[in-house]
Amino acid sequence: MSYSLFISYSRRETPFVAGLLERLERARLNVWLDFRNLIPGHTWQEQITDAIAQQDLFLLVVSQASIASANVEDEWRHAITLKKRIILLIFEATPLPDDLKLCEWVDFRQVSMLTATKRLIIHLSFPQPTQTPVPETGFEAPFIVWVACLVSVIVAVITIPSVWTLYLPYYLLPLPYRILKRDFSFFNVQGALIMLPFFTFWTGIVFVAHEAIQMATIFMFLLSLIFSPLLWLLLRLPGMRQWGKPVASPPYFPNRYQPDIDTFQPVTFTVDAAPEDGRYAQDMIRQLEQFGHRHVTDAEAGDIVILLLSVFKKSSVFNPQQQIVYPVILQDVDGIDPRFGAIQWIDFRRGLGNIKAFSRLLSQPEKLLHSLGVVPAGRQVVLPPAVQAISFYVTFLGILFGASLLFTLGIEQFAFHPVSIAMLVAIAAACLAIVTFTRTSLISRQGYVTSSGSLLAAMVGLGVCIALKLLIVLVEHSQLPQDDFPTSSQMIVYALFGAVLAYGLGLGGVVFWSLRDWRDLRRWFPRRPKKRSSGRVST
Numbered sequence: 155m156s157y158s159l160f161i162s163y164s165r166r167e168t169p170f171v172a173g174l175l176e177r178l179e180r181a182r183l184n185v186w187l188d189f190r191n192l193i194p195g196h197t198w199q200e201q202i203t204d205a206i207a208q209q210d211l212f213l214l215v216v217s218q219a220s221i222a223s224a225n226v227e228d229e230w231r232h233a234i235t236l237k238k239r240i241i242l243l244i245f246e247a248t249p250l251p252d253d254l255k256l257c258e259w260v261d262f263r264q265v266s267m268l269t270a271t272k273r274l275i276i277h278l279s280f281p282q283p284t285q286t287p288v289p290e291t292g293f294e295a296p297f298i299v300w301v302a303c304l305v306s307v308i309v310a311v312i313t314i315p316s317v318w319t320l321y322l323p324y325y326l327l328p329l330p331y332r333i334l335k336r337d338f339s340f341f342n343v344q345g346a347l348i349m350l351p352f353f354t355f356w357t358g359i360v361f362v363a364h365e366a367i368q369m370a371t372i373f374m375f376l377l378s379l380i381f382s383p384l385l386w387l388l389l390r391l392p393g394m395r396q397w398g399k400p401v402a403s404p405p406y407f408p409n410r411y412q413p414d415i416d417t418f419q420p421v422t423f424t425v426d427a428a429p430e431d432g433r434y435a436q437d438m439i440r441q442l443e444q445f446g447h448r449h450v451t452d453a454e455a456g457d458i459v460i461l462l463l464s465v466f467k468k469s470s471v472f473n474p475q476q477q478i479v480y481p482v483i484l485q486d487v488d489g490i491d492p493r494f495g496a497i498q499w500i501d502f503r504r505g506l507g508n509i510k511a512f513s514r515l516l517s518q519p520e521k522l523l524h525s526l527g528v529v530p531a532g533r534q535v536v537l538p539p540a541v542q543a544i545s546f547y548v549t550f551l552g553i554l555f556g557a558s559l560l561f562t563l564g565i566e567q568f569a570f571h572p573v574s575i576a577m578l579v580a581i582a583a584a585c586l587a588i589v590t591f592t593r594t595s596l597i598s599r600q601g602y603v604t605s606s607g608s609l610l611a612a613m614v615g616l617g618v619c620i621a622l623k624l625l626i627v628l629v630e631h632s633q634l635p636q637d638d639f640p641t642s643s644q645m646i647v648y649a650l651f652g653a654v655l656a657y658g659l660g661l662g663g664v665v666f667w668s669l670r671d672w673r674d675l676r677r678w679f680p681r682r683p684k685k686r687s688s689g690r691v692s693t
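Following this note's numbering, the numbering of the sequence shown begins with 155 at its first residue and continues without gaps.
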């Protein structure tokens with residue numbers, strides 16, 4: 155027998171619910187889920203109320219957040235009023251209201267999503283009397299979570315020789331605990347895992363004159379070549395994706411979709427965008443018009459509103475419950491109007507790769523959201539590939555300059571002239587400032603480095619700082635007696651030549667990514683309007 159299901163949940167468990175939805179749809183079950191089924195242009199509360207009444211069963215994802223949610227409570231109480239069959243899906247054990255304690259339940263905590271979903275499907279057709287109480291206490295997790303936690307412990311140990319980087323230990327040392335808490339920054343952790351083998355190797359080079367330290371570091375480097383990519387892969391597995399909160403879950407991107415051209419129908423549309431997002435708006439309008447859609451500046455004359463959400467625009471005068479509004483997310487941002495968080499977003503954070511499919515399905519809201527929509531997520535850092543590459547590169551340089559400042563204050567002060575020490579400290583501070591401003595500006599699209607010219611200036615400034623530091627160190631090194639601080643000076647020179655090599659190779663990578671994805675990079679840099687008088691861009 156085929157059942158229709160309504161799923162009630164907290165947005166904190168969105169990755170879990172997205173995985174559950176995929177499994178249930180593979181089993182050909184009819185599932186109603188708010189971000190998948192809410193249709194723009196209609197009152198959402200009425201849609202939710204009607205959906206609960208129309209579906210055969212009510213599934214409640216039990217977690218601390220869902221039981222504390224007033225909206226979720228309204229939904230399950232409405233289901234009780236309608237005498238719906240309620241099945242609890244235990245994601246977290248938490249104290250339950252008395253009205254839910256006698257409900258049927260399926261435990262999703264210890265087993266994989268595949269196994270738990272099979273149990274749920276069997277339970278749908280062959281309900282069993284509730285013989286044991288619903289678990290309300292205790293911590294349990296799937297096997298894959300414990301494996302990832304164990305590997306993260308090994309990675310944390312491997313990170314110890316690179317503690318001088320500060321960035322790596324900040325994200326990797328507490329990672330085992332944060333995995334169990336489901337709360338870590340996936341974006342920063344994956345960057346740290348990518349950098350770990352390099353900085354472990356770098357530590358061995360710096361301490362080349364200390365045989366015992368070098369041998370231990372080389373051993374750690376070999377381990378990092380195994381466990382760093384292993385953990386990177388584990389964190390991307392479906393089981394880990396479904397375990398984490400949105401911030402700890404790798405973002406899901408829809409496949410490049412090729413819809414049937416025969417279903418295409420032209421529509422009139424308007425674009426609601428901040429002036430800073432004008433390049434995105436212009437490129438989208440141009441692409442949509444190439445497919446026969448007509449752009450209008452008067453929203454009243456348009457069939458559809460395309461809302462571009464970014465740090466510069468988090469809301470709109472248009473009401474998605476009264477007209478068809480497609481929220482298009484351009485970057486990760488907090489504080490988006492809750493009205494646009496109840497339906498799926500069209501995800502263009504990595505660029506306009508799916509713009510052709512978007513153009514062909516523009517007149518069919520249900521198919522468009524089903525094919526290209528993504529779950530509204532919070533606190534996920536997703537960047538265009540070129541921007542992400544540049545961000546990792548400047549982070550890498552920031553770690554190097556932070557380490558050079560530690561060397562200056564720790565080793566060089568005993569060997570170098572005080573004036574040289576002061577100059578090296580000033581250079582390191584300048585480099586760290588450039589790195590900080592560049593990275594934060596690139597990720598947020600706000601700040602000092604928000605244009606190709608300012609990015610070029612930042613790269614040149616970093617190069618000048620590296621050259622000046624290398625010059626000062628080489629001059630001071632040449633004036634040292636042969637038997638005076640040989641180990642210290644050797645460590646410093648090795649590290650500096652490595653920094654020059656890393657800067658050159660990394661700069662080549664930046665140029666490659668910038669040329670390869672120059673359109674994405676150009677759109678990412680905000681357009682600076684001469685006069686900011688309107689929130690909507692029409693071109």
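Glycine is no exception: its CB is placed at the ideal position from the N, C-alpha and C atoms.
Alpha carbon to alpha carbon, how far is residue i from residue j?
i	j	result
Val-627	Ser-574	8 Å
Ser-403	Ser-632	51 Å
Ala-270	Arg-682	51 Å
Trp-198	Leu-192	7 Å
Gly-601	Val-629	37 Å
Asp-204	Glu-229	11 Å
Gly-663	Ile-544	8 Å
Ile-140	Phe-353	No answer is possible for residue 140: the residues shown for the chain start at 155 and end at 693.
Leu-755	Tyr-547	In the structure as shown, the chain starts at 155 and stops at 693, and residue 755 therefore has no counterpart that could be examined.
Phe-639	Pro-296	Here Phe-639 scores only 47 on pLDDT, less than 50, and its place in the model should not be relied on; the value that follows carries that caveat. Each residue's alpha carbon lies about 54 Å from the other.
Ala-427	Lys-272	44 Å
Glu-258	Ile-206	18 Å
Ser-279	Gly-173	21 Å
Gln-485	Leu-304	33 Å
Thr-549	Arg-593	7 Å
Asn-409	Gly-507	Annotation note: pLDDT 48 at Asn-409 (below 50); position unreliable, coordinate value reported separately. Approximately 10 Å between the Cα atoms of the pair.
Ser-595	Ala-656	22 Å
Thr-319	Pro-283	57 Å
Ala-621	Ala-576	16 Å
Arg-670	Pro-474	37 Å
Pro-330	Val-299	10 Å
Glu-167	Lys-399	6 Å
Ser-223	Ser-162	11 Å
Thinking C-beta only, is residue j closer than 8 Å to residue i?
i	j	result
Leu-442	Leu-516	yes
Phe-472	Glu-430	no
Leu-388	Ala-302	yes
Arg-440	Trp-397	no
Trp-386	Pro-539	no
Arg-433	Arg-180	no
Phe-262	Ile-244	yes
Leu-461	Phe-494	yes
Phe-502	Val-482	yes
Ser-266	Gly-446	no
Ala-346	Leu-326	yes
Ile-509	Met-438	yes
Assuming residue i and residue j are in contact, meaning their beta carbons sit under 8 Å apart, how far apart are those beta carbons, in whole angstroms?
i	j	result
Lys-255	Pro-289	Actually they are not in contact, since the Cβ atoms of Lys-255 and Pro-289 sit about 11 Å apart, beyond 8 Å.
Ser-135	Leu-350	A query on residue 135 cannot be resolved here, the shown segment of the chain reaching from 155 to 693 and no further.
Arg-182	Ser-158	That belief does not hold up - the Cβ atoms of Arg-182 and Ser-158 are roughly 11 Å apart, past 8 Å.
Val-216	Glu-246	7 Å
Pro-405	Val-536	5 Å
With DSSP collapsed to three states, give me the class of residue i.
i	result
Arg-694	In the structure as shown, the chain begins at 155 and stops at 693. Residue 694 is therefore absent and cannot be evaluated.
Ile-161	strand
Arg-448	strand
Ser-714	With the chain covering 155 to 693 only, the question about residue 714 has no answer from this structure.
Arg-390	coil
Thr-197	coil
Glu-290	coil
Thr-604	coil
Leu-322	helix
Lys-238	coil
Asp-638	A caution first: Asp-638 carries a pLDDT of 49, below 50, which makes its placement in the model unreliable, though a value can still be read off. Correct three-state label for Asp-638: coil.
Lys-521	helix
Ile-483	strand
Thr-424	strand
Gly-432	helix
Ile-415	With a pLDDT of 49 at Ile-415, under the threshold of 50, the modelled position of that residue is not reliable, and the figure given next carries that caveat. In this structure, Ile-415 counts as helix in the three-state DSSP scheme.
Asp-261	strand
Does the structure place the segment 198 to 212 close enough to the segment 233 to 252 that three or more beta carbon pairs sit under 8 Å?
Taking a cut-off of 8 Å for Cβ pairs, the segment 233 to 252 and the segment 198 to 212 touch, as three or more such pairs fall below it.
With a threshold of 8 Å, are at least 3 pairs of Cβ atoms found where one atom belongs to the segment 582 to 591 and the other to the segment 543 to 556?
A contact is defined here as three or more CB-CB pairs under 8 Å, and the segment 582 to 591 meets this definition with respect to the segment 543 to 556.
Do the segment 318 to 338 and the segment 364 to 371 touch if we need at least three Cβ pairs shorter than 8 Å?
Under the three-pair Cβ rule at 8 Å, the segment 318 to 338 does not count as touching the segment 364 to 371.
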